[in-house]
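Q:
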Amino acid sequence: MIVRTVHRSVTLIKAPMELGAGRQGVSLGPEAILQAGLLRQLNLLPIDVNREITVPMLKTFGEPPNPKLKNLRDVLRFNTKLASAVYRTAKAGAFPLVLGGDHSIAIGTVAGLADHYRNLGIIWFDAHADLNTVETSPSGNIHGMPLAVCLGIGERSLVAINGFAPKIKPEHIVIIGARQLDEGEKELIRKLGIACYTMHDIDRLGMARIMEEALQIVEGRTDGLHISFDVDCLDPSVAPGTGTPVPGGLSYREAHLALELLHESGLVRSAEFVEVNPAFDVDNRTARTAVELIGSLMGKTIL
1 MIVRTVHRSV TLIKAPMELG AGRQGVSLGP EAILQAGLLR QLNLLPIDVN REITVPMLKT
61 FGEPPNPKLK NLRDVLRFNT KLASAVYRTA KAGAFPLVLG GDHSIAIGTV AGLADHYRNL
121 GIIWFDAHAD LNTVETSPSG NIHGMPLAVC LGIGERSLVA INGFAPKIKP EHIVIIGARQ
181 LDEGEKELIR KLGIACYTMH DIDRLGMARI MEEALQIVEG RTDGLHISFD VDCLDPSVAP
241 GTGTPVPGGL SYREAHLALE LLHESGLVRS AEFVEVNPAF DVDNRTARTA VELIGSLMGK
301 TIL
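Numbering-wise (the numbering used here), the sequence shown opens with residue 1 and increments by one.
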């Protein structure tokens, strides 16, 4: 069971990966978030940012094209290095705060955390489920596959990062904000019994109840809670700067309330914020929103 705590030592891990996505520009996300004032925001809180790490994105030229698994070799190499950085951070007792980059980086983040925690839990904020495999993916972009990989499903080389065992159990996952699911993903959610709160559920029940139920799911079963936050869970009017926008997403206040409640729970041990793409942003609005949301997760309050 998770022991409640407030993290005061944070390590920033910049993960400027874009080779898992279908559109360029998301590798600039980490720097955009920092330029939007992340360190200034964190310094206002009782938090010690003890270190900054960058995992470099390296493109292998001459990699044989694979339309079903694009840039596999580079995504694999990057996530192997990221997993090592996240594991070392967690082992040292610091809070890994990972800045993406496309959502394929969750493969490495979760692999590193799973080496440290016996029963990792994940709350996955996303317009998509990211449960595709090579057989079900309509695009071949690996950023649509990371949650499946974390479950031990899909491309073996990615599943095998830090060992072949699944990194997380289906009953330890909560997806929030989904509204664009492929048929293969729907089938997998039903088959595995994954808790998935769509925008329909949020409209009907409200964010406060959704978060209450989500925390009940993970608290009694897990010893570490990770937050994987894709900014495309937000409505494009709030976060236009992302490569896969879907109308009808979370409002500004719904997202803040969710992250405020997560902080109040004292259960969160790590987080990643992904898919901020400055190439599609408007006046750096999405990067600034990411900074504000990270602040709420880390303890910033209105009063």
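We treat Cβ as the ideally placed atom computed from N, Cα and C, and that holds for glycine.
Remember, predicted model here, so these are calculated numbers, not experimental data.
Starting from the Cα of Leu-215, find the closest Cα among Arg-23, His-172, Met-17 and His-128 and give me that residue.
A: It is His-172 whose Cα lies nearest to the Cα of Leu-215.
Q: For Arg-118, count the other beta carbons within 10 Å of its own beta carbon; 16 or more makes it buried, fewer makes it exposed. Which is it?
A: Exposed, by the Cβ-count rule.
Q: Buried or exposed: which applies to Gly-163, given that a residue is buried once 16 or more other Cβ atoms fall within 10 Å of its Cβ?
A: Exposed is the call here.
Q: Can you find a C-beta in chain E that's less than 8 angstroms from the C-beta of Asn-71?
A: No chain E is part of this structure, which consists of one protein chain only.
Q: How many Å lie between Val-110 and Ala-36 at the Cα?
A: If I take the Cα positions, the gap works out to 26 angstroms.
Q: Rank Ser-9, Val-282 and Ala-255 by C-alpha distance to the C-alpha of Phe-273 and give the top, closest one.
A: Nearest C-alpha to Phe-273: Ala-255.
Q: Let me check understanding here. Comparing Cα to Cα, which of Glu-18, Gly-193 and Val-10 lies closest to Asp-48?
A: Per the Cα distances, Val-10.
Q: Using the beta-carbon count (16 or more within 10 Å), is Ile-210 buried or exposed?
A: The residue is buried, with at least 16 neighbouring Cβ atoms inside 10 Å.
Q: Would you tell me roughly how many angstroms separate the C-alpha atoms of Gly-241 and Val-231, rounded to the nearest one?
A: For Gly-241 and Val-231, the distance between alpha carbons rounds to 9 angstroms.
Q: Please classify Arg-118: does DSSP put it in a helix, a strand, or coil?
A: Here Arg-118 sits in coil by DSSP.
Q: From what residue to what residue does the beta strand (DSSP E) around Thr-11 run?
A: It spans 9-15 - the beta strand (DSSP E) in which Thr-11 sits, taken as one unbroken run.
Q: Please list, in chain order, all residues of the same chain as Gly-25 whose beta carbon is under 8 angstroms from its beta carbon, the five residues on each side excluded.
A: The residues are Glu-18, Gly-243, Asn-277, Pro-278, Ala-279 and Phe-280.
Q: What's the C-alpha gap between Ser-137 and His-103?
A: Going by the C-alpha atoms only, they are around 15 angstroms apart.
Q: Spatial neighbours of Lys-68 within its chain, please: CB distance less than 6 angstroms, with the 5 preceding and 5 following residues excluded, ordered by chain position.
A: Here the set comprises Val-134 and Gly-140.
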